[in-house]
Amino acid sequence: MKIKSIQLMNFRGIKNAKIELDGKCAVLYGINGAGKTTILRAIDLIYANIIGTLLGTRKRLAELELDDINNDSSVAKAGIQFVLDNGEKYFYRRQIDTNSKKTHNKQELNAITSRFIKKYIDEIVENENGASQILKKTDPMPIFVNYGVNRAVLDMPITDSIRKYGRLDAFENAIESKIDFKNFLTWFRQQEDLENEIIARTKKEIGKDIKLPGLEAVRTAMLSMFPEFSSVRFDRTMNTLMFEKSGDNLKLNQLSDGEKCMIALFGDIARRMVIANDNVLVNPLNVSGVVLIDEVDLHLHPSWQREIGKTLNETFPNVQFILTTHSPQVLGGLSERYSVFAIKRENDEVLVNRADSLFGWDTNIILEEAMGTPRMEQTVLEHVEKMYQAYEDENLDEAEKEADIIDNITNGHNDSAAPMRVMISRKRRVMNK
Numbered sequence: 001m002k003i004k005s006i007q008l009m010n011f012r013g014i015k016n017a018k019i020e021l022d023g024k025c026a027v028l029y030g031i032n033g034a035g036k037t038t039i040l041r042a043i044d045l046i047y048a049n050i051i052g053t054l055l056g057t058r059k060r061l062a063e064l065e066l067d068d069i070n071n072d073s074s075v076a077k078a079g080i081q082f083v084l085d086n087g088e089k090y091f092y093r094r095q096i097d098t099n100s101k102k103t104h105n106k107q108e109l110n111a112i113t114s115r116f117i118k119k120y121i122d123e124i125v126e127n128e129n130g131a132s133q134i135l136k137k138t139d140p141m142p143i144f145v146n147y148g149v150n151r152a153v154l155d156m157p158i159t160d161s162i163r164k165y166g167r168l169d170a171f172e173n174a175i176e177s178k179i180d181f182k183n184f185l186t187w188f189r190q191q192e193d194l195e196n197e198i199i200a201r202t203k204k205e206i207g208k209d210i211k212l213p214g215l216e217a218v219r220t221a222m223l224s225m226f227p228e229f230s231s232v233r234f235d236r237t238m239n240t241l242m243f244e245k246s247g248d249n250l251k252l253n254q255l256s257d258g259e260k261c262m263i264a265l266f267g268d269i270a271r272r273m274v275i276a277n278d279n280v281l282v283n284p285l286n287v288s289g290v291v292l293i294d295e296v297d298l299h300l301h302p303s304w305q306r307e308i309g310k311t312l313n314e315t316f317p318n319v320q321f322i323l324t325t326h327s328p329q330v331l332g333g334l335s336e337r338y339s340v341f342a343i344k345r346e347n348d349e350v351l352v353n354r355a356d357s358l359f360g361w362d363t364n365i366i367l368e369e370a371m372g373t374p375r376m377e378q379t380v381l382e383h384v385e386k387m388y389q390a391y392e393d394e395n396l397d398e399a400e401k402e403a404d405i406i407d408n409i410t411n412g413h414n415d416s417a418a419p420m421r422v423m424i425s426r427k428r429r430v431m432n433k
């Protein structure tokens, strides 16, 4: 189940927008406060009711609030049209008015959840002899999870408790907008304990190790951003994850924030896929779903920012990722699998405009042309402009003087001065003939 379109009316700063995704990945960019997170919140609100109904919880997982209503309006609406793999479409909408009255269409909600349960959740049915039996569902079940900016990864002690997981546990804390790292560690350790038991038994019988496919998939996902990492395991003595990186053994808390954030993010997505499809004969990393990541560039080195979109798609090829970013590096690394939307605020209104793909663009060009940001500090830019103007006016001494100023300010690390010196030298030779 993927998102075909998002419809917002008087929702926070967005007065009227229909965002057509057609099941594709998307990236939203714009300055702080433009409205990127507003769109993710709207999606999260819709999924909250769907997941809450599937889990049978009485408490709403995420509530519409009065602050969600545009200041010039009396009611806010948020709706999503979903599309299934077979082309079936479903729509669901929630709204709130200034009297705090919250409404939604129960028939729309029931249509989606009933279809989901029928397709993915095991049922107890009677056979032809009148006896009860479990009807197993083997279709790969999609996931949903929302990751907000609070993605700090803290190493924490976990207990030895054993837990049995059902398919719907893949949605546990999916609306919370943070990485549920304690549950991740608990699951990972439990799976490794089970795997070690299997290895101890089968090694005597067949003489080789047997790995749990689901756990192996999670290990693969965890390390997919970092080729220098070769293995991950849970150390029971220190009660923490251990990694082999370039031949060194490192504890989780010895990794950088960026490394921890990416390892936890990729690992948690994969874990949810495994839980949702533990008894399904598919590679769990090929499962579909919708994953929201706010500020995907958070804690990432610029070189990683270029790779994050590509690696997400390669690791989870059938997931519809909806990302927000401030980074031209991220935008330049996203292929045409992503629809690009520029979010900007004009006259107290948030506008959502589809933009061209920026894949492969130079970072400086993205900054200037797409993001409206000077590619260099204003003082330096002014000297660069004076330098080129002096050259155009054939005032070569003045142009050379400006080049000297630029080199002095930037310690020779601006790429405008050196080419200008070559141009000045050529021009002088021509003028002296």
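Quick note, the sequence shown lines up with residues 1 to 433 if you use full-length UniProt numbering. Virtual Cβ for every residue (Gly too), placed ideally from N, Cα, C.
Under 6 Å Cβ to Cβ from residue i, same chain only, skipping five residues before and after it: list those, please.
{"i": "Gln378", "result": "none"}
{"i": "Asp180", "result": "Asn173"}
{"i": "Leu250", "result": "Phe243"}
{"i": "Glu176", "result": "none"}
Please classify residue i as buried or exposed, where buried requires at least 16 other C-beta atoms within 10 Å of its C-beta.
{"i": "Val149", "result": "exposed"}
{"i": "Leu154", "result": "exposed"}
{"i": "Thr138", "result": "exposed"}
{"i": "Met222", "result": "buried"}
{"i": "Gln329", "result": "buried"}
{"i": "Arg12", "result": "buried"}
{"i": "Ile69", "result": "buried"}
{"i": "Asp297", "result": "buried"}
{"i": "Gly79", "result": "buried"}
{"i": "Gln191", "result": "buried"}
{"i": "Lys433", "result": "exposed"}
Within a Cβ cutoff of 7 Å, which residues of the same chain sit near residue i, ignoring the five residues on either side of it in sequence?
{"i": "Glu402", "result": "His383, Lys386, Met387 and Ala390"}
{"i": "Thr53", "result": "Leu109 and Thr113"}
{"i": "Tyr120", "result": "Lys137, Asp139, Met141 and Arg167"}
{"i": "Leu252", "result": "Asp155, Thr240, Leu241 and Lys260"}
Check each candidate in the options and name the one with the smallest Cα separation from residue i.
{"i": "Asp122", "options": "Lys89, Ile96, Arg167 and Leu84", "result": "Arg167"}
{"i": "Ile112", "options": "Phe91, Asp294 and Tyr120", "result": "Phe91"}
{"i": "Leu331", "options": "Val350, Arg163, Gly309 and Gln320", "result": "Gly309"}
{"i": "Gln305", "options": "Lys118, Gly333, Leu212 and Val145", "result": "Gly333"}
{"i": "Asp97", "options": "Val83, Glu65, Gly87 and Lys106", "result": "Glu65"}
{"i": "Leu21", "options": "Ala355, Ala217 and Val145", "result": "Ala355"}
{"i": "Val430", "options": "Glu394, Ala264 and Asn283", "result": "Glu394"}
{"i": "Lys118", "options": "Val296, Lys136 and Glu336", "result": "Lys136"}
{"i": "Lys245", "options": "Thr237, Leu265 and Lys260", "result": "Lys260"}
{"i": "Tyr147", "options": "Arg93, Glu192 and Lys178", "result": "Lys178"}
{"i": "Glu88", "options": "Asp67, Ile143, Asn105 and Ile3", "result": "Ile3"}
{"i": "Arg93", "options": "Leu8, Arg60 and Thr57", "result": "Leu8"}
{"i": "Lys164", "options": "Leu367, Asp278 and Tyr338", "result": "Asp278"}
{"i": "Ile424", "options": "Asp404, Ile409, Asn32 and Asn411", "result": "Asp404"}
Verify whether the separation of the beta carbon atoms of residue i and residue j is less than 9 Å.
{"i": "Leu292", "j": "Leu55", "result": "no"}
{"i": "Ser5", "j": "Gln81", "result": "yes"}
{"i": "Thr311", "j": "Thr220", "result": "no"}
{"i": "Tyr29", "j": "Ala342", "result": "yes"}
{"i": "Val352", "j": "Ile43", "result": "no"}
{"i": "residue 437", "j": "Arg233", "result": "Examination of residue 437 is not possible in this model, given that the chain is present from 1 through 433 alone."}
{"i": "Leu45", "j": "Ala62", "result": "yes"}
{"i": "Val350", "j": "Thr38", "result": "yes"}
{"i": "Pro213", "j": "Asn283", "result": "yes"}
{"i": "Ile50", "j": "Phe116", "result": "yes"}
{"i": "Lys18", "j": "Ser73", "result": "no"}
{"i": "His299", "j": "Ser256", "result": "yes"}
{"i": "Leu281", "j": "Arg151", "result": "no"}
{"i": "Thr195", "j": "Lys211", "result": "The sequence given here places Glu at residue 195; Thr does not occur at that position. It is a contact, given that the beta carbons lie within the stated cut-off."}
Take residue i and list the residues in its own chain whose beta-carbon comes closer than 8 Å to its own, dropping the five residues that flank it on each side.
{"i": "Arg428", "result": "Leu396"}
{"i": "Ile158", "result": "Lys182, Leu185, Thr186, Arg189 and Asn239"}
{"i": "Asn318", "result": "Asn286, Val287, Ser288 and Gly289"}
{"i": "Glu336", "result": "Ser357 and Phe359"}
{"i": "Asn414", "result": "Met376, Val380, Val384, Ile406 and Asp407"}
{"i": "Ser230", "result": "Leu223, Glu244 and Lys245"}
{"i": "Glu307", "result": "Met225 and Gly333"}
{"i": "Ala370", "result": "Tyr29, Pro328, Leu331, Ala342, Ala355, Leu358 and Trp361"}
{"i": "Arg60", "result": "Ala48, Asn49 and Gly52"}
{"i": "Gln107", "result": "none"}
Contact defined as beta carbons within less than 8 Å: I believe residue i pairs with residue j. What is the distance between those atoms, to the nearest angstrom?
{"i": "Phe184", "j": "Gly267", "result": "6 Å"}
{"i": "Cys25", "j": "Phe321", "result": "5 Å"}
{"i": "Thr324", "j": "Asp294", "result": "5 Å"}
{"i": "Asn10", "j": "Lys101", "result": "14 Å between Cβ atoms; not a contact."}
{"i": "Met262", "j": "Met225", "result": "5 Å"}
{"i": "Ala217", "j": "Ala270", "result": "6 Å"}
{"i": "Ile406", "j": "Ala399", "result": "So it is not a contact: roughly 11 Å between Cβ atoms."}
{"i": "Val340", "j": "Val145", "result": "Contact doesn't hold; Cβ gap of about 22 Å is too wide."}
Strictly under 9 Å for the Cβ-Cβ distance: is residue i near chain E by that measure?
{"i": "Leu331", "result": "Included in the structure is just one protein chain, with no chain E present."}
Just to confirm, does residue i get its C-beta within under 8 Å of one of the non-hydrogen atoms of the ligand PLP?
{"i": "Ile39", "result": "For the structure depicted, the ligand PLP is absent and the ligand set is empty, with no information on it obtainable."}
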